[in-house]
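Quick notes on the structure that follows.
In the numbering used here, the protein residues as written are 4 to 208.
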């Protein structure tokens with residue numbers, strides 16, 4: 004209340020701060036360097052990659068279930084699919100993945116350099132972005148989201164109801180986002196992207 008003005012990084016944070024002050028509040032999100040990257044070859048496999056930590060609380064069980072159903076139902080998906088996790092993965096997330104029988108399709112990379120992370124962002128078929136399912140995380144916009152946008156690969160978001168990132172994904176036409184309970188919708192989206200991948204037409208338009 005003693006500030007001349009306030010800067011925040013999300014609209015939800017602005018709304019929260021507006022309940023406590025009449026001072027002017029401006030939203031400035033994070034972003035990305037608009038410089039050109041060298042060309043990157045896309046994976047031959049239908050890879051869904053999460054880049055960053057998947058710790059306790061970030062465990063989209065409906066996604067793992069949807070992937071299992073696609074593997075069981077679609078032999079072409081089963082032959083082409085790979086789930087790539089780059090960074091630290093908690094034991095409960097791994098247990099949920101193993102419970103769905105996804106271990107044969109799982110590639111755990113661990114920590115990589117930022118340069119390598121950027122390379123994988125540009126080479127994977129689909130980028131996975133997961134946020135904790137809680138009221139307090141609706142206004143969190145991860146910095147890597149903007150790197151994901153720059154990579155121009157479809158973003159599969161899973162997060163809380165009302166997550167600001169979901170709206171940003173729609174506004175930038177860079178993918179789709181779902182809540183933790185929308186298993187059928189997630190399955191339909193992944194299948195749609197897989198069919199586009201088979202045609203060589205999986206791009207951000």
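Backbone N, C-alpha and C define an ideal beta-carbon position, used for all residues, glycine too.
For clarity, every value in this text was computed on a predicted model and none was experimentally measured.
Cβ shell of residue i (< 6 Å), same chain only, five flanking positions each side left out
| i | result |
| --- | --- |
| residue 108 | 84, 85 and 86 |
| residue 133 | 61, 63 and 161 |
| residue 131 | 51, 53 and 159 |
| residue 171 | none |
| residue 193 | none |
Among the options, nearest to residue i - alpha-carbon criterion
| i | options | result |
| --- | --- | --- |
| residue 56 | 170, 112 and 92 | 92 |
| residue 36 | 112, 104 and 150 | 150 |
| residue 63 | 198, 208, 183 and 199 | 183 |
| residue 81 | 124, 99, 20 and 71 | 71 |
| residue 65 | 152, 188 and 47 | 188 |
| residue 90 | 147, 26 and 152 | 147 |
| residue 152 | 99, 129 and 186 | 129 |
| residue 4 | 27, 114 and 111 | 27 |
Residue i versus residue j: straight-line alpha-carbon distance, rounded
| i | j | result |
| --- | --- | --- |
| residue 67 | residue 164 | 19 Å |
| residue 142 | residue 159 | 18 Å |
| residue 6 | residue 23 | 12 Å |
| residue 11 | residue 33 | 10 Å |
| residue 43 | residue 122 | 7 Å |
Neighbourhood of residue i by C-beta, 7 Å cutoff - its chain only, sequence neighbours within 5 removed
| i | result |
| --- | --- |
| residue 137 | 163 |
| residue 104 | 71 |
| residue 16 | 142 |
Three-state secondary structure assigned by DSSP to residue i
| i | result |
| --- | --- |
| residue 37 | coil |
Residue i - containing beta strand (DSSP E), residue span
| i | result |
| --- | --- |
| residue 10 | 9-11 |
| residue 184 | Run containing residue 184: none; DSSP gives neither H nor E here. |
| residue 29 | 28-30 |
| residue 52 | 49-54 |
Spatial neighbours of residue i in its chain, beta-carbon cut-off 8 Å, leaving aside the 5 residues before and after
| i | result |
| --- | --- |
| residue 200 | 49, 83 and 128 |
Enclosing alpha helix (DSSP H) for residue i [first to last residue]
| i | result |
| --- | --- |
| residue 73 | 64-76 |
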